[in-house]
Amino acid sequence: MIRKEKQLKKNLARLNEPIPHMGHTEAICGAAQISSEDACTDFMRQVIISDEDCAEIARSPLLQNACPQWHLEREMRILASTRAHRIKVRKTNFDTLAQDLATPRQFSSAACADGLENKHAARKEYEASQKCTVTEVGLVVCIPQPWLCWSPD
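Here the sequence shown is numbered in our numbering, starting from 9 and rising by one per residue.
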(Lines of atoms letter the chains of each structure in order from A; the text may use other names.)
(Lines give C-alpha, C1' and ligand atoms only; values in the text may rest on other atoms or scores of the structure.)
Protein backbone atom coordinates (compact mmCIF):
# COMPACT_ATOMS: atom_id res chain seq x y z
CA MET A 9 0.00 0.00 0.00
CA ILE A 10 2.79 2.42 0.87
CA ARG A 11 4.48 1.77 -2.49
CA LYS A 12 1.25 2.60 -4.34
CA GLU A 13 0.80 5.78 -2.29
CA LYS A 14 4.36 6.85 -3.11
CA GLN A 15 3.79 6.17 -6.80
CA LEU A 16 0.54 8.15 -6.73
CA LYS A 17 2.26 11.12 -5.02
CA LYS A 18 5.06 10.95 -7.59
CA ASN A 19 2.57 10.91 -10.47
CA LEU A 20 0.58 13.80 -9.00
CA ALA A 21 3.75 15.85 -8.56
CA ARG A 22 4.61 15.32 -12.23
CA LEU A 23 1.31 16.75 -13.50
CA ASN A 24 2.83 20.23 -13.83
CA GLU A 25 5.93 19.03 -15.69
CA PRO A 26 6.12 19.34 -19.49
CA ILE A 27 5.34 16.11 -21.30
CA PRO A 28 8.82 14.64 -21.87
CA HIS A 29 8.25 13.30 -25.38
CA MET A 30 6.57 16.49 -26.54
CA GLY A 31 8.87 19.11 -25.04
CA HIS A 32 7.63 22.41 -23.74
CA THR A 33 4.19 23.90 -24.05
CA GLU A 34 5.13 26.05 -27.04
CA ALA A 35 6.11 22.90 -28.96
CA ILE A 36 2.71 21.39 -28.26
CA CYS A 37 0.57 24.44 -28.97
CA GLY A 38 2.73 26.55 -31.25
CA ALA A 39 2.59 29.50 -28.88
CA ALA A 40 5.45 31.02 -26.89
CA GLN A 41 3.69 31.36 -23.55
CA ILE A 42 0.48 29.43 -23.14
CA SER A 43 -0.82 28.09 -19.87
CA SER A 44 -2.11 24.58 -19.48
CA GLU A 45 -5.55 26.09 -18.83
CA ASP A 46 -5.43 27.90 -22.20
CA ALA A 47 -4.24 24.73 -23.94
CA CYS A 48 -7.11 22.81 -22.35
CA THR A 49 -9.60 25.51 -23.39
CA ASP A 50 -8.31 25.41 -26.98
CA PHE A 51 -8.61 21.63 -27.02
CA MET A 52 -12.15 21.72 -25.65
CA ARG A 53 -13.15 24.28 -28.30
CA GLN A 54 -12.12 21.75 -30.95
CA VAL A 55 -13.73 18.77 -29.25
CA ILE A 56 -17.08 20.21 -28.15
CA ILE A 57 -19.56 20.06 -31.01
CA SER A 58 -23.23 20.91 -31.36
CA ASP A 59 -26.01 18.34 -31.41
CA GLU A 60 -26.41 19.06 -35.13
CA ASP A 61 -22.70 18.46 -35.84
CA CYS A 62 -22.84 15.25 -33.82
CA ALA A 63 -25.83 14.05 -35.84
CA GLU A 64 -24.10 14.99 -39.11
CA ILE A 65 -20.98 13.02 -38.16
CA ALA A 66 -23.13 10.01 -37.26
CA ARG A 67 -25.05 10.28 -40.57
CA SER A 68 -21.85 9.97 -42.59
CA PRO A 69 -21.17 6.21 -42.39
CA LEU A 70 -20.27 5.77 -46.03
CA LEU A 71 -17.31 8.13 -45.80
CA GLN A 72 -15.68 6.70 -42.70
CA ASN A 73 -12.05 5.69 -43.17
CA ALA A 74 -11.94 7.13 -46.70
CA CYS A 75 -12.71 10.61 -45.33
CA PRO A 76 -10.03 12.86 -43.77
CA GLN A 77 -12.68 14.55 -41.56
CA TRP A 78 -13.62 11.16 -40.08
CA HIS A 79 -9.97 10.56 -39.15
CA LEU A 80 -9.66 14.06 -37.67
CA GLU A 81 -12.76 13.62 -35.51
CA ARG A 82 -11.46 10.27 -34.23
CA GLU A 83 -7.92 11.50 -33.70
CA MET A 84 -8.84 14.11 -31.09
CA ARG A 85 -11.07 11.81 -29.04
CA ILE A 86 -10.77 8.72 -26.88
CA LEU A 87 -12.20 5.82 -28.86
CA ALA A 88 -14.28 3.40 -26.85
CA SER A 89 -12.93 0.38 -28.69
CA THR A 90 -9.19 0.98 -28.45
CA ARG A 91 -8.02 3.86 -26.31
CA ALA A 92 -10.37 3.13 -23.42
CA HIS A 93 -8.90 -0.37 -23.18
CA ARG A 94 -5.35 1.03 -23.16
CA ILE A 95 -6.30 3.41 -20.34
CA LYS A 96 -7.91 0.62 -18.33
CA VAL A 97 -4.95 -1.74 -18.56
CA ARG A 98 -2.30 0.91 -17.86
CA LYS A 99 -1.42 0.92 -14.16
CA THR A 100 1.34 3.39 -13.30
CA ASN A 101 3.36 4.77 -16.19
CA PHE A 102 1.43 7.85 -17.28
CA ASP A 103 4.17 9.00 -19.67
CA THR A 104 3.86 5.77 -21.63
CA LEU A 105 0.08 6.09 -21.61
CA ALA A 106 0.27 9.70 -22.89
CA GLN A 107 2.65 8.66 -25.66
CA ASP A 108 0.44 5.69 -26.52
CA LEU A 109 -2.69 7.85 -26.76
CA ALA A 110 -0.91 10.54 -28.78
CA THR A 111 0.36 8.03 -31.34
CA PRO A 112 -2.30 6.91 -33.83
CA ARG A 113 -2.30 3.21 -34.52
CA GLN A 114 -3.00 1.69 -37.88
CA PHE A 115 -4.73 -1.66 -37.67
CA SER A 116 -5.71 -4.04 -40.38
CA SER A 117 -6.31 -7.74 -40.57
CA ALA A 118 -7.81 -10.25 -42.93
CA ALA A 119 -10.89 -10.44 -40.69
CA CYS A 120 -11.38 -6.64 -40.81
CA ALA A 121 -10.95 -6.58 -44.57
CA ASP A 122 -13.49 -9.39 -44.92
CA GLY A 123 -15.90 -7.56 -42.61
CA LEU A 124 -15.63 -4.35 -44.61
CA GLU A 125 -16.12 -6.22 -47.86
CA ASN A 126 -19.18 -8.15 -46.67
CA LYS A 127 -20.88 -5.79 -44.21
CA HIS A 128 -23.50 -4.51 -46.67
CA ALA A 129 -24.52 -8.01 -47.74
CA ALA A 130 -24.55 -9.18 -44.11
CA ARG A 131 -26.72 -6.21 -43.09
CA LYS A 132 -29.21 -6.94 -45.91
CA GLU A 133 -29.36 -10.60 -44.93
CA TYR A 134 -29.88 -9.70 -41.27
CA GLU A 135 -32.65 -7.23 -42.18
CA ALA A 136 -34.39 -9.88 -44.28
CA SER A 137 -34.12 -12.62 -41.65
CA GLN A 138 -35.18 -10.37 -38.74
CA LYS A 139 -37.75 -8.35 -40.74
CA CYS A 140 -36.27 -5.07 -39.56
CA THR A 141 -34.33 -2.09 -40.85
CA VAL A 142 -30.79 -1.48 -39.67
CA THR A 143 -29.74 2.16 -39.64
CA GLU A 144 -26.09 2.52 -40.53
CA VAL A 145 -24.28 5.22 -38.57
CA GLY A 146 -20.71 6.45 -38.68
CA LEU A 147 -18.75 7.90 -35.80
CA VAL A 148 -20.84 8.58 -32.68
CA VAL A 149 -19.61 11.41 -30.46
CA CYS A 150 -20.80 11.38 -26.85
CA ILE A 151 -22.43 14.82 -26.46
CA PRO A 152 -22.14 15.06 -22.63
CA GLN A 153 -18.49 13.92 -22.83
CA PRO A 154 -17.35 14.99 -26.31
CA TRP A 155 -13.81 13.68 -25.88
CA LEU A 156 -15.33 10.17 -26.17
CA CYS A 157 -16.50 8.50 -29.38
CA TRP A 158 -17.13 5.10 -30.92
CA SER A 159 -17.86 3.54 -34.27
CA PRO A 160 -20.70 1.01 -34.07
CA ASP A 161 -20.08 -2.07 -36.20
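Glycine residues also receive a C-beta, built at the ideal position from the N, C-alpha and C atoms.
Below 8 Å, enough C-beta pairs join the stretch 134 to 148 and the stretch 78 to 89 to call them touching: three or more. When the Cα atoms are used, Thr111 and Leu87 turn out to be separated by approximately 13 Å. Going by C-alpha positions, Ile10 is about 11 Å away from Lys17.
Taking the CA atoms as reference points, Leu156 sits about 33 Å from Lys139.
With respect to the 8 Å criterion, Met84 and Gln107 are not classified as neighbours on the basis of their beta carbons. Between Ile151 and Cys62, the beta carbon gap of about 6 Å places them in contact (Cβ cut-off 8 Å).
Residue pairing by DSSP places Cys120 opposite no residue, since no beta bridge is assigned to it.
The C-alpha of His128 lies about 13 Å from the C-alpha of Ala121. Counting only residues of its own chain and dropping the five nearest sequence neighbours on each side, Ile57 has a CB closer than 7 Å to the CB of Val149 and Pro154.
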